[in-house]
Each structure stands twice: as C-alpha cells, then as structure tokens.
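>
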Amino acid sequence: MKCIFFIFKDTPAPPSAPRVVDTTKHSISLAWSKPTYDGGADILGYVLEMKEEGTEQWYRPHTTATLRNAEFTLTGLKTTQKYQFRVAATNVNGMSEFSESSAEIEPVERIGNLKI
11 MKCIFFIFKD TPAPPSAPRV VDTTKHSISL AWSKPTYDGG ADILGYVLEM
61 KEEGTEQWYR PHTTATLRNA EFTLTGLKTT QKYQFRVAAT NVNGMSEFSE
111 SSAEIEPVER IGNLKI
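Under the numbering used here, the sequence shown has 37 at position 27, and the numbering climbs by one with no breaks.
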C-alpha cells in the first residue's frame with residue numbers, strides 16, 4: 011500500500027496594519043509585523059500601498075517589486091496632505107490580502123526631548 015502525502019502551500023495571511031515609527035515634515039517611517047501564517051513557505055517580501063486623503067486610488071510608493079524588510083520610509087511627501095497605508099506579504103505561492111489600512115497620517119516634524 012502506498013501512502014501519498016500532500017503538503018498544501020498557500021499564500022500568507024496579511025501582515026499587521028502599518029504603524030508610524032517616525033515622521034518629519036516630508037517623510038513618514040512605517041513598520042509592520044510579519045503575518046501570523048506564512049502559507050507554508052518563507053515570506054519573501056512585502057508590497058506597500060498608499061493613498062492620499064480624498065482619493066480612492068491606492069498605489070505603490072516603492073520601485074522594487076517587493077520590500078525585503080517589514081519597514082519603509084517614504085520621502086518627498088507634502089506637509090499639508092494626509093496619507094493612508096496598507097501592506098501585503100508575498101511568498102513563492104503569491105501575495106496575501108492587504109492588511110487593514112493605517113489611520114490617516116500627516117507628515118509633521120517631531121519635537122524631540124527639549125533639554126532646559
């Protein structure tokens with residue numbers, strides 16, 4: 011009698027929603043947590059999308075197919091504009107669904123600890 015085993019491989023679960031790590035007047039640094047389920051294969055990277063307040067169009071702010079790390083800094087942003095972000099994970103089987111989107115974020119200069 012032959013035993014046949016099937017190993018089901020799937021796309022990953024979505025990562026956590028992107029969270030703000032730092033901001034300046036023209037940049038926002040984001041980070042997110044890897045998916046709780048990798049789909050049976052290593053996570054190869056992430057796809058980040060953003061949209062501007064008042065629009066419905068999501069687009070990728072990065073030029074590479076995927077981001078290798080679970081963090082990214084967006085530069086060249088408008089100080090009077092708010093942005094939302096979402097992220098998906100990829101493995102050899104494809105791309106996950108997108109995470110929940112972040113809250114609307116406006117690039118502002120952070121005020122560090124003032125020493126008196």
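Glycine is no exception: its CB is placed at the ideal position from the N, C-alpha and C atoms.
As the structure is a computational prediction, the values presented were derived from the model and not from experiment.
Just tell me which of Asp52, Tyr69 and Lys88 has its CA closest to the CA of threonine 21.
For the purposes of this step, residue 21 is taken as the residue at position 11 of the sequence shown. When each option's Cα is compared against that of threonine 21, the closest is Asp52.
> Leaving out five residues before and five after serine 109 in sequence, what residues of the same chain have Cβ atoms less than 8 Å from its Cβ?
Position 99 of the sequence shown holds residue 109. If we look at serine 109 and ignore the five residues flanking it on each side, its Cβ neighbours are Pro24, Pro25, Ser26, Ala27, Pro28, Trp42, Arg96, Val97 and Ala98.
> Three-state secondary structure (DSSP) at phenylalanine 108?
For this step, residue 108 is matched to residue 98 along the sequence shown. Of the three classes helix, strand and coil, the one that applies to phenylalanine 108 here is coil, per DSSP.
> Using 8 Å for Cβ pairs, my map puts phenylalanine 89 next to proline 117. What's the rounded Cβ distance?
For the purposes of this step, residue 89 is taken as the residue at position 79 of the sequence shown. For the purposes of this step, residue 117 is taken as the residue at position 107 of the sequence shown. Here residue 89 is threonine; the residue named in the question, phenylalanine, does not match the sequence. Their Cβ separation, rounded to whole angstroms, is 6 Å, which keeps threonine 89 and proline 117 in contact under 8 Å.
> Could you tell me which of Ser112, Lys92 and Thr100 sits nearest to glycine 49, measuring between CA atoms?
Locating residue 49 in the sequence shown gives position 39, where the first residue counts as 1. Among Ser112, Lys92 and Thr100, the Cα nearest to that of glycine 49 is on Thr100.
> If the criterion is Cβ atoms closer than 8 Å, does the pair serine 111 and glutamine 94 meet it?
Indexing the sequence shown from 1 puts residue 111 at position 101. Indexing the sequence shown from 1 puts residue 94 at position 84. Taking 8 Å as the Cβ cut-off, serine 111 and glutamine 94 qualify as a contacting pair.
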